[in-house]
Amino acid sequence: MELHGVFHADHIKPYSLGGMTTLDNGQVLCERCNMEKSNKYADLPEWDITPRDWQNKAFNRWLAMNGQNVLINATPGAGKTTLGLKIARHELQSGNVSHVMIVTPSDNLRRQWQVAASAAGIELFSAYDANFELASDFHGIVTTYQTLAARYMDADKSYRKFTESSRTLAILDEIHHIGVGMQWSNGLRDAVDPCPVRLILTGTPFRSDRNPLPYVEYEVKGNEMICKTHFDYGYGDALRDRVVRPVYFQTFDGQASWFTGDGEFIDTGLDVALPAKLAAERRNMMLDHRGDWLRKVLQAAHEKLMEIRQDDPKAGGLVVAKDSQNGNGHAWQIAKLLESITGKKPVVVTADVDDAAKKINAFRNGRDEWIVAVKMVSEGVDIKRLRVGVWATNVTTELFFRQVVGRIVRMVGEPEEEYSYQFIPKVEPITTYANSMKIERAHVIDDLNAIDEETWRKIREEFDRNSNPALFVSSDGERSIVIHDDDKYTVEEMEEAKRMCAKLGTQETEGYLIHTIKLMRMLGTAKAPAQKPATNGKPNEQRPQTLEEQKQGKRRRGGPITRKVREIVEISNGMCGYNEINRALNQNQNVKHIDECSLPQLEQRVEILDAWLEAWKNGTGRQFTVKGYLRQRPSDLAA
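Okay, so the sequence shown: first residue is 1 according to this note's numbering, each after it adds one.
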C-alpha cells in the first residue's frame, strides 16, 4: 500500500534469524504489514541453483508489479518452473505470503512441480482435504485445474477454504488451458480470487478457440483483443542464450489415394491445395498405418535417433499419435510399426493406459528409444533426453504444435552442440508453424564470419575446382526440405555440404553445414548433407524424496504405522481397536487427523506404537497410555 506518516524499516530476513542490518536485507513496510510478517517468515534452506539471466529479469519484473496478476510468457523448455519457485521462495521468505498454491493442467505436471519445489526447499501437499488443517511442515499445496473445478460447488471441499484462511501466492501454470466462462474457469476463480498475489505462466498465451484467459489483461488493437504479457522470452531469445536446442524440421512429401464418403476417388500429393474437408481426409490417409508414408517417416526418424545415440546413448524419440481408442487405436498401430522397424517395443502412454504417469517417469529416467503418446507428453513434461520427434497427429493448431516441439528442445546440463529433429508432413498449416518458429530465431544466428579464414580459403578453392558437383536423389522419393533458421535447405544441399566438410577436414556440425550451404549459394553452387551432433548424456542421479513421499513411506499400506497398529490389534485380541489407537494418537498429538501430522509427528507415532507393542509383549499392554508414555519421554518428542 502507499505509505503515509510513520513507516517501519524492516529486515527482509529477520534479525532474530540471522538477518544482517544492510541495505540489501532492508525494505520499507507499514506498521501493520511488518507486524503481520513477523510470524510468517519462512526460513528456507539454501537453493543450489544459479538462475538464468532471463529468469532474473522476469523476477525483477515481478517485484516491480507487486505480484498483481503478473503474466510471464516464456518459450517451452526455457525454465518457467525455476522462475516460479524463485518467486515463491522470495514471497515466503519475505513474509509477504504464508502459503503457496500451484495449479497445473495435469497430474504429471503437478508431480513435476512438487518434486522441483522440494528440491528448492518448498514442500507441497498434493492431496489437500478442506476438512483438515495443512500439516505445519508443508509450505503449501499443488493441485490441478480439474480438481478445483470438481470441488468448487461443495463449500466443505472447496480450495477457497484454504486460500481464505491464509495469505496465499497462486501460481497458475499453463494458463492457456482455461477459457473464461468455462467450467475449469469457474473452479479456478472460486479458489484463487482470495489470493492477493498471482503469478501466471505459459509458453503459448492464447487459445485456439479465441477465448480470453482468466486473470489476463487484454488490449484492443483494431478488431482484435491482444493478450498483455508483462515479460516475454521467446524461442529466438532462448536460442541466443543457449537455453534450448536448435531444432531442424525435416519435411516429408508424399502421395495419397482414397475414396471419399461420396465414392469419389482422390489421388493427390501433399503439395496440392484442397478444400478443408478433403485436406483433413488426406492428412488421415498419410497417417494411416497401412500405407508406406508413415513407415518411411518412422524409419527415417529412427535412423536419425540411432545416429544421435552414437554420441548420446540415452537420447530418445517421441511420436505424437492421433488417438488410442482403448488399446486399439492409432498410437498402438504406430507402436507395432516401430517395433517392426527397431526390433524393440516402444513405451506407449495414453489416457487409457494404466500407470501412464509412472511409465512417463520410467522413460524419463531410462534408456528406452521411443515413446508414443497422444497428448500426455505434449505439454510441460520434462524429458530432457528427447531429441527426435515425429508429428503423426491430425491436430493442426499452432498451440499444440509449439507445445509438442517444446518437448525436444530442452537442454541437458551445460550448453553443448545439441540439435533436435522434428519430422513433419509437408502440408499446411504445419509447415507454416515450423517457418514461424524459425523466423523467431533468424536474428540470433551467427553470420558467415563465424567460419575462420582458413576454412573460407579451403572452401573457395574447392568450389573453384569443382563448380558442378553431382546431385544426390533420395531413394525413398518422399523426404523433402529441411526448415532451419529463416531458410529452407534441400536434402541434396545437406548431403553435398556434408561431403564438402568431410573432404576439407572441417567440422560436420549443423552450424558448419548451414554455413557451407550459404556459401555454396553465394558462389552459385548448391548440394549438401546430413548432420551429427555431439552431446554428453549424463546419468540420472537418485533425487531426494519430497516431504510428501517421506510421509507416505511412514503411513502407506504395509508401512511402519499401519503395520504396527495392525500388530497391536492382533496381539491384544481386539482389546485395542483401530479406532481407539488412532483416536489416542490424534488426541495426544493435538491433531484431528493423521493428514495434519508433520514428519516429526509421524516419526513420533512410530516410536509410540513400538513402545505400545512392546508393552503388550511383556504383559503391560493394559496399563499403557500414549499420554503416560509421552510424559516420560524427552520434551522434543512431544513437540
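We put the CB at the ideal spot given by N, CA and C, even for glycine. Only a predicted model underlies this, so the values are computations on that prediction, with no experimental measurement involved.
- Contiguous beta strand (DSSP E) elements confined to the region 385-415 occur at 386-391, taking only those with 3 or more residues.
- In the three-state scheme derived from DSSP, where H, G and I count as helix and E and B as strand, Ala-276 is classed as helix.
- In the DSSP assignment, Ile-424 falls outside any alpha helix (DSSP H) and lies within the beta strand (DSSP E) extending over 420-425.
- Listed in chain order, the non-local C-beta contacts of Val-70 below 6 Å within the same chain comprise Trp-62, Leu-199 and His-230, local neighbours out to five positions each way being set aside.
- With contacts defined as CB atoms closer than 8 Å, Val-404 and Gly-389 qualify as a contacting pair.
- Comparing alpha carbon positions, the residue from Gly-628, Ile-594 and Met-285 closest to Thr-393 is Met-285.
- For Leu-71, the three-state secondary structure derived from DSSP is strand.
- With 16 or more neighbouring CB atoms inside 10 Å of its own CB, Val-142 falls in the buried class.
- The alpha-carbon separation between Trp-258 and Gly-77 amounts to approximately 39 Å.
- As far as DSSP is concerned, Lys-296 takes part in no beta bridge.
- By the criterion of a C-beta distance shorter than 8 Å, Val-220 is surrounded in its chain by Ile-226, once the five residues flanking it on both sides are discounted.
- Unbroken alpha helix (DSSP H) stretches of 4 residues or longer found wholly inside the region 78-141: 80-93 and 107-119, given in chain order.
- In terms of Cβ geometry, Lys-384 and Phe-252 do not form a close pair [threshold 8 Å].
- Sorting Ala-331, Val-244, Thr-431 and Ser-324 by C-alpha distance to the C-alpha of Asp-271 places Thr-431 at the top.
- Take Gln-255, set aside five residues on each side of it, and the residues of its chain with a beta-carbon closer than 6 Å to its own are Gly-269, in chain order.
- At least 8 Å separates the beta-carbon of Ile-102 from that of Ile-178.
- In this structure, Cys-30 is the residue among Asn-25, Cys-30 and Asp-24 with its C-alpha nearest to the C-alpha of Val-6.
- Here Phe-265 is exposed: its Cβ has fewer than 16 other Cβ atoms, across all protein chains shown, within 10 Å.
- Per DSSP, Phe-231 is one residue of the beta strand (DSSP E) stretching across 231-233.
- If only uninterrupted beta strand (DSSP E) runs of at least 3 residues are considered, those enclosed by the region 309-337 are 316-320.
- CA-to-CA, the gap between Lys-157 and Gly-187 works out to about 12 Å.
- Distance from the CA atom of Glu-398 to the CA atom of Gln-552, rounded to whole angstroms, is 41 Å.
- A check of alpha carbon separations from Gly-67 across Thr-50, Tyr-629, His-11 and Leu-92 identifies Leu-92 as the nearest.
- For a cut-off of 8 Å, the C-beta gap from Ile-571 to Leu-609 is around 12 Å, too long to register as a contact.
- The beta carbons of Val-197 and Val-348 sit no closer together than 8 Å.
- In this structure the region 322-334 does not lie against the region 301-308, because fewer than three pairs of beta carbons, one per stretch, are closer than 8 Å.
- Ranked by Cα distance from Val-374, the options Ala-356, Asp-292, Ala-130 and Leu-386 are led by Ala-356.
- In this structure, Leu-83 and Ala-58 form a Cβ contact; the two beta carbons are roughly 5 Å apart against a cut-off of 8 Å.
- Contact between Ile-122 and His-99 does not hold, since their C-beta atoms are separated by about 10 Å, which reaches or exceeds 8 Å.
- Residue pairing by DSSP places Glu-219 opposite Ile-226 in a beta bridge.
- Looking at Arg-402, Val-297 and Ala-117, the one whose alpha-carbon comes closest to that of Tyr-433 is Arg-402.
- Within the same chain, Ala-135, Lys-551, Gln-589, Val-591 and Arg-605 come within 8 Å of Cys-597 by CB-CB distance, once the 5 residues on both sides are set aside.
- The beta carbon of Ala-611 is closer than 7 Å to those of Tyr-629 in its chain, skipping five residues each way along the sequence.
- Taking all protein chains shown into account, Gly-316 has 16 or more neighbouring C-beta atoms within 10 Å of its C-beta and is therefore buried.
- In the three-state reduction of the DSSP assignment, Ile-171 falls in the strand class, which pools E and B.
- Within the same chain, Cβ atoms closer than 6 Å to the Cβ of Tyr-159 are found at Leu-148 and Ala-191, the five residues on either side in sequence being excluded.
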